[in-house]
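Enquirer:
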Amino acid sequence: MGRRLHRVAVLVLEGAKPLDVGIPAQVFTTRASMPYEVRVCGAAPGLVAGGDGLSYHVADGLDALGWADIVFIPGYRFPDREDPPDAVLAALVAARDRGARLAAISTGAFALAATGLLDGKRATTHWHYTRKLAAKHPLVQVDENVLFVDEGTVLTSAGAASGIDLCLHILRGDLGVAASNHAARRLVAAPYRSGGQAQYVPRSVPEPLGERFAATREWALHRLGEPLTLGALARHAAVSPRTFSRRFAEDTGYTPMQWVMRARVDMARELLERSERSIEQIAADVGLGTGANLRQHFQHILGTTPSEYRRTFAQGE
C-alpha cells in the first residue's frame with residue numbers, strides 16, 4: 001500500500017499505427033494486478049493524425065516523457081522518409097538520461113535510432129523495414145531474425161504482435177513470471193516467446209506443422225515434472241526427431257531441450273513467487289531433480305539464485 005505506480009508513456013507520432021499504440025496502452029493499463037499508470041502523449045496535446053484511417057486525441061505533450069519510467073514508441077507509417085521533430089528526439093534523449101527505459105514497437109525503432117541512442121547497439125524492427133533501418137542508421141546493429149532486443153535502457157521489437165512479447169518481457173522483469181503469465185492469459189497471448197525467435201517472413205512453400213508443434217508444447221507444459229526427451233516430444237508431434245528439432249528451433253528460437261529447461265525454470269519461478277515450498281521440493285516438482293540442479297540452471301538462465309528471486313518477487317510483501 002502506498003507503493004508508487006510504474007509510469008508508462010505511450011508516444012504517438014504522426015502516422016502512428018493503431019495496434020502498436022493500443023498494445024502498451026492495454027497491457028499496462030492500471031488494475032489491481034498491474035501497478036502501472038499510463039499516459040498517451042504526442043509532440044503536443046491535441047489531435048495527432050494516425051495511419052490506417054485513424055487519428056488520436058492525446059491529452060499530454062512531451063512533458064509526459066519527463067514523468068515516465070518507461071516510454072513506448074509505437075510504429076508509424078513511412079518511417080524511412082523523415083525523422084520525428086527535433087523536440088521529440090531531444091525529449092527521448094532527456095528521458096533516457098534521466099533513467100527511463102525507451103521501448104520501440106515495430107517501426108518506432110526509426111525514431112529511437114534517430115536519437116543516436118541505438119548507435120553501436122543491437123536493434124530490430126518489422127522485417128519489411130530492417131534493411132531500410134540499417135541503411136538509414138548504419139551505426140545500429142540491425143538484427144532481422146529476432147522478435148525483440150533488450151539492450152537495457154533501450155528495447156526494440158519487430159511487428160505489432162511482437163510488441164506484446166516485448167511488453168510481457170518487461171512485465172517479467174518488473175513483476176515476475178506470475179504477473180506476466182496472468183497478463184498473457186488476459187490477452188489470450190503466448191505467455192513467453194523468446195526474443196531470439198525468428199520473425200515470420202513469407203515463405204514460398206507453406207509449412208503446415210505449426211498447430212501440431214503448438215499442441216506438443218502445450219502437452220509438454222503439463223508434464224514438466226516428468227522425464228521429457230527429444231524422442232518423446234517428436235513422437236507426440238508425429239514427426240522424426242530431426243524434423244522436430246529443426247522446426248521447433250524455427251518456431252521458438254530454442255532447441256527442444258533448451259525450451260524444456262526454460263519452461264521448467266519458469267515453472268520454478270512461479271512456485272517461488274506463489275508458494276512456500278522449499279527449493280528442493282520445487283526442483284522435484286518441475287523435473288530438475290535436486291536443489292543444486294535448480295540453482296545451477298537458475299543462475300545460468302536468470303543470473304540469480306532461487307532464494308534471491310523469491311526475496312524479490314514473493315507475493316504478500
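Here UniProt numbering is used: the first residue of the sequence shown is 1, the next is one more, and so on. Note that the Cβ used here is the ideal one computed from N, Cα and C, for glycine as well. For clarity, every value in this text was computed on a predicted model and none was experimentally measured.
Rounded to a whole number of angstroms, what is the C-alpha to C-alpha distance between glycine 231 and glycine 152?
Expert: Distance between the alpha carbons of glycine 231 and glycine 152 is about 38 Å.
Enquirer: Using C-beta distances below 6 Å, list every residue in its chain close to glycine 291, excluding the 5 sequence neighbours before and after it, in chain order.
Expert: Cβ neighbours of glycine 291 beyond the five flanking positions: Ile279, Glu280, Ala283.
Enquirer: As a quick exercise: from Arg7, Thr107, Glu37, Pro35, pick the residue whose alpha carbon is nearest that of leucine 19.
Expert: It is Thr107.
Enquirer: Our contact map puts valine 93 next to leucine 112 with C-beta atoms below 8 Å; I'd like the distance itself, whole angstroms only.
Expert: Not confirmed; about 10 Å, so no contact.
Enquirer: Going by beta carbon distance, what residues of the same chain come within less than 8 Å of valine 201, once the five residues before and after it are set aside?
Expert: Only weak support exists for where valine 201 lies, its pLDDT of 42 falling under 50; the value from the coordinates is given anyway. Only Trp127 meet the Cβ criterion.
Enquirer: Please report the Cβ distance between alanine 43 and alanine 103, rounded to the nearest whole angstrom; I am assuming they are in contact, meaning their Cβ atoms lie under 8 Å.
Expert: No, alanine 43 and alanine 103 are not in contact; Cβ-Cβ is about 18 Å, not under 8 Å.
Enquirer: By how many angstroms is the C-alpha of arginine 277 removed from the C-alpha of valine 140?
Expert: Their Cα atoms are separated by approximately 45 Å.
Enquirer: Among residues of its own chain, excluding the 5 on either side of proline 84, which ones have a beta-carbon nearer than 6 Å to its beta-carbon?
Expert: For proline 84, where only same-chain residues beyond five positions count, the Cβ hits under 6 Å are Leu13, Ala111.
Enquirer: Return the chain-ordered list of same chain residues with a C-beta closer than 8 Å to the C-beta of residue 321, the five sequence neighbours on each side being excluded.
Expert: Because the chain is modelled from 1 through 317, residue 321 falls outside the range shown and cannot be assessed.
Enquirer: Please state whether DSSP places glutamate 218 in a helix, a strand or coil.
Expert: If DSSP states are grouped into helix, strand and coil, glutamate 218 belongs with the helices.
Enquirer: Count Cβ pairs between the region 161-175 and the region 141-148 that sit closer than 8 Å; are there 3 or more?
Expert: Flag = yes, the region 161-175 and the region 141-148 touch.
Enquirer: Please specify which runs of the alpha helix (DSSP H), each continuous and at least 4 residues long, are wholly inside the UniProt domain "HTH araC/xylS-type" (214-312), giving them in chain order.
Expert: Entirely contained in the UniProt domain "HTH araC/xylS-type" (214-312), the alpha helix (DSSP H) runs reaching 4 residues are, in chain order, 230-237, 241-252, 256-274, 279-285, 291-302.
Enquirer: According to DSSP, simplified to helix, strand and coil, what is aspartate 60?
Expert: Note: aspartate 60 maps to strand in three-state DSSP.
Enquirer: Could you have a look at arginine 4 and say whether DSSP puts it in helix, strand or coil?
Expert: Three-state result, arginine 4: coil.
Enquirer: Whole angstroms are fine: how far does the CA of leucine 233 sit from the CA of glutamine 296?
Expert: Distance between the alpha carbons of glutamine 296 and leucine 233: 24 Å.
Enquirer: Could you say if the region 16-30 and the region 166-177 meet the contact criterion of at least three C-beta pairs nearer than 8 Å?
Expert: Yes, the region 16-30 is in contact with the region 166-177.
Enquirer: Secondary structure at glycine 15, three-state DSSP: helix, strand or coil?
Expert: Three-state DSSP puts glycine 15 in coil, outside helix and strand.
Enquirer: Determine the extent of the alpha helix (DSSP H) in which serine 162 is found, giving its start and end residues.
Expert: Run containing serine 162: 160-175, per the alpha helix (DSSP H) assignment.
Enquirer: Could you tell me which uninterrupted alpha helix (DSSP H) segments, each at least 4 residues in length, are contained entirely in the region 113-164, listed from first to last along the chain?
Expert: With a minimum length of 4 residues, the continuous alpha helix (DSSP H) runs that stay inside the region 113-164 are 130-136.
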